[in-house]
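I have placed the structure first, in the form of structure tokens, so that the comments after it can refer back to it.
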Ligand SMILES: Nc1nc2c(c(=O)[nH]1)N[C@H]1C(S)=C(S)[C@@H](COP(=O)(O)OP(=O)(O)OC[C@H]3O[C@@H](n4cnc5c(N)ncnc54)[C@H](O)[C@@H]3O)O[C@H]1N2
Ligand code: MOO
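Residue numbers (the numbering used here): 823 to 1644.
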């Protein structure tokens, strides 16, 4: 047996023993309790155990339970306890998969917390996509971490996975969207071994092949036609959060056919259209399909479908419903991005023909949805929303809150990538040229007519016939800007006075600037030039802009994706395009959170501070030309937060909150987003200063995708993280190709001490005579609360984290500086 498997079984065995024999401690959620006196133990270190055993409360509780047995039981407990501790040491030494920190047990591979150490939760965890993804991620070497065990155990672990989980190690790509499936064959004969389960194994083969959808078979069992056994098995599998359960058998008219009845008793919602699809299609194959009684439905997040018992019938029925399975599962588990992708595909591709895989909603008969089904902004699917006014987030058990953030700490690059990847480009709209400044063009613009529309003079002077050379000219008229080009024509020996931009008259083929002429004859009162002398022989075309020399008729002057600045708007005016199609900008709502906050317009109350974050961020967005909504101040209680979030989400594409994202018992943003909005938290800890607890989540609200940036409450943290994440996000959504900030290199004017986290240090910028690079000056104390350090800052210096070898950077070090104004 492989080492992994041995360790695995060892742990199982140990836990069983522990649960059976050990009377003193127990685990609920991720906390350890004393069974006697029900005290929670903050950690499971020896010192804490010893101390607890000596406590009056514990001794009394032991005595109360059984005054005679108490002391004896206590010493048994002590013995068990020390065995347990020894076990833990051995366990940690040998078992590489799980580890303990404080009072929680977590998986070393994927860093997930395991809420308890019961067999079922371990097994369940091993099969999660997250865990297996992490394992395969490390094994395939995509992440270079300190994975001593991994490199040692690649082979062993592969073997372990294939033995224990009954499947092979999967690549990251493959595991991402796997539909975790259970196949339950319902047959008296197969369950007794009197017949071979061909249907179940055939379904398993089809699913594993990935031919229909990306699926993996987590459970595969054969049970008799016994309603209670079927129900029990299904309930057990649903508890493991399988995405899909397929039963085969027991759906007919035979007296013992009870699968539909069993399923109907446990599902919360029926999915009759799946049954209709199976029946409709099966009837085309055989009239006997009228005797099948499929029932499909949902229990929590698991879809259960009942297929007929025959190999052929079950395979056919699975194929009939396969096109809807992926989307159904995405909806059930709230895989927001996937749901939106499908909606977007439906919109853009319409009805495609089914070829091979059915892992999409494009089926060969007809679209499963109305072809008018819109992209996520107009989707009709109902992803659960908080319908009630009271938050369902339970934040009452303060003592048991996680003492370590359950979210992994990620780098700024990873965080940026997560935010940017979640962004979509806003829809397009036609707007007036005058309001188009700062928008991105969503169409090419062509010039309808040439510029100049006629040959125009480049100089103030005289339009002449070049061939006449230098010498005397009779002045026959004048062409001023705005006059009709054909007004005068020029013949040999004559010339016309002309101004810059005026049309060159017919006959003339050169312009001589006034500086290259002399006046010879004028009329009596000096108002009219009669004759002039050309001092230098002109050449053909001299000082004339030919028709269309700036812009040709039909020329594309601006292309899709161009950011409309002043000159671009000017070009629109030039060609007379006064309305343009542009990419809309996202609407951002800003919500402050905190009981201590008050409106800055009101006199300061005792215990309060003025809310500055909202004002700062609204100004920042205005400065960058993004529409912004003031979503007010939410109190630090789940229901107030829920109300404010609902109102803000109803109005905005992007919601920015400040405060309430750290580790305090009043930091409620994440619990409320998860419990009430089924939001997906993409990250909640970033390795940076300031901005460590920056949180990014997405959810569907009123059928529309929403992006939520939960920024830290500290005023500097909020504005720094806005520059790093919010502005690039808004630019990306507005269709800007260059959505990131600009960085330059600059020299430190003084030494700077490094922070343990990569720091975004506020500084001013100045060019010094003779320096090759600009020099930067720190704005002083960099406390995250000190907005003054941000006030005059022009750049954020990206400083590396402190290491043992490098505690500070000396003067003149060249550092990267992120420009705040560009
Ligand atoms: N145990 C831990 N505590 C903290 C950690 C940690 O990792 N473990 N992280 C610290 C860091 S870093 C930051 S940053 C802050 C972020 O905290 P929150 O985002 O939860 O924000 P609050 O606690 O609500 O407020 C922090 C600070 O900012 C003031 N504030 C909040 N909102 C505003 C506003 N709109 N205008 C002006 N000032 C505001 C608030 O009064 C607090 O002083 O957490 C650390 N703690
Ligand atoms: O990460 Mo916090 O933003 O340093 O103060």
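C-beta atoms are modelled at their ideal positions from N, C-alpha and C, and glycine is treated no differently.
Any heavy atom of ligand 1 closer than 7 Å to the CB of residue i?
{"i": "residue 1462", "result": "no"}
{"i": "residue 1382", "result": "no"}
{"i": "residue 1457", "result": "no"}
{"i": "residue 1483", "result": "yes"}
{"i": "residue 1419", "result": "yes"}
{"i": "residue 1376", "result": "no"}
{"i": "residue 1475", "result": "no"}
{"i": "residue 1431", "result": "yes"}
{"i": "residue 1452", "result": "no"}
{"i": "residue 1625", "result": "no"}
{"i": "residue 1271", "result": "no"}
{"i": "residue 1414", "result": "yes"}
{"i": "residue 1489", "result": "yes"}
{"i": "residue 1434", "result": "yes"}
{"i": "residue 1124", "result": "no"}
{"i": "residue 1238", "result": "no"}
{"i": "residue 1400", "result": "no"}
{"i": "residue 1480", "result": "yes"}
Classify residue i as helix, strand or coil using the three-state DSSP reduction.
{"i": "residue 1617", "result": "strand"}
{"i": "residue 1293", "result": "strand"}
{"i": "residue 1517", "result": "strand"}
{"i": "residue 1133", "result": "helix"}
{"i": "residue 1052", "result": "helix"}
{"i": "residue 1629", "result": "coil"}
{"i": "residue 1399", "result": "coil"}
{"i": "residue 1531", "result": "strand"}
{"i": "residue 1142", "result": "helix"}
{"i": "residue 1174", "result": "Per-residue confidence for residue 1174 stands at a pLDDT of 35, beneath the threshold of 50, marking its modelled position as unreliable; no derived number is given."}
{"i": "residue 1550", "result": "helix"}
{"i": "residue 876", "result": "helix"}
{"i": "residue 1483", "result": "coil"}
{"i": "residue 1325", "result": "strand"}
{"i": "residue 1640", "result": "strand"}
{"i": "residue 1335", "result": "strand"}
{"i": "residue 1557", "result": "coil"}
{"i": "residue 1148", "result": "helix"}
{"i": "residue 1634", "result": "coil"}
{"i": "residue 830", "result": "Annotation note: pLDDT 47 at residue 830 (below 50); position unreliable, no value reported."}
{"i": "residue 1241", "result": "helix"}
{"i": "residue 1624", "result": "coil"}
{"i": "residue 1502", "result": "strand"}
State the start and end residues of the unbroken beta strand (DSSP E) segment that holds residue i.
{"i": "residue 1317", "result": "1316-1320"}
{"i": "residue 1041", "result": "1037-1045"}
{"i": "residue 1340", "result": "1339-1344"}
{"i": "residue 1455", "result": "1450-1456"}
{"i": "residue 1587", "result": "1581-1588"}
{"i": "residue 1364", "result": "Residue 1364 -> no beta strand (DSSP E), and no H or E assigned at all."}
{"i": "residue 1413", "result": "1410-1415"}
{"i": "residue 1118", "result": "1118-1121"}
{"i": "residue 1565", "result": "1565-1570"}
{"i": "residue 1600", "result": "1597-1600"}
Can you name the start and end residues of the alpha helix (DSSP H) that residue i belongs to?
{"i": "residue 1435", "result": "1435-1445"}
{"i": "residue 1511", "result": "No alpha helix (DSSP H) contains residue 1511, which DSSP labels as neither H nor E."}
{"i": "residue 1027", "result": "1020-1031"}
{"i": "residue 1470", "result": "1460-1473"}
{"i": "residue 1499", "result": "1491-1499"}
{"i": "residue 1103", "result": "1094-1107"}
I believe residue i touches residue j by the beta-carbon criterion, under 8 Å. Please report the beta-carbon distance rounded to the nearest angstrom.
{"i": "residue 1318", "j": "residue 1330", "result": "7 Å"}
{"i": "residue 1093", "j": "residue 1060", "result": "At roughly 14 Å, the Cβ-Cβ gap does not stay under 8 Å, so residue 1093 and residue 1060 are not in contact."}
{"i": "residue 1415", "j": "residue 1213", "result": "The Cβ separation is near 13 Å, so there is no contact."}
{"i": "residue 1113", "j": "residue 1150", "result": "Between residue 1150 and residue 1113 the Cβ distance is about 26 Å, and since that is not below 8 Å, they are no contact."}
{"i": "residue 1120", "j": "residue 1154", "result": "7 Å"}
{"i": "residue 1303", "j": "residue 1323", "result": "5 Å"}
Would you say residue i touches ligand 3, meaning its beta carbon is less than 7 Å from a heavy atom?
{"i": "residue 1544", "result": "Only ligand 1 and ligand 2 can be found as ligands here, which leaves ligand 3 out of the picture."}
How about residue i: is its C-beta nearer than 8 Å to some C-beta of chain D?
{"i": "residue 1418", "result": "The displayed structure is made up of one protein chain only, and chain D is not part of it."}
Contact set, ligand 2 heavy atom to C-beta under 6 Å: Having a Cβ closer than 6 Å to some heavy atom of ligand 2 are 1511, 1512, 1513, 1514, 1534, 1536, 1539 and 1606.
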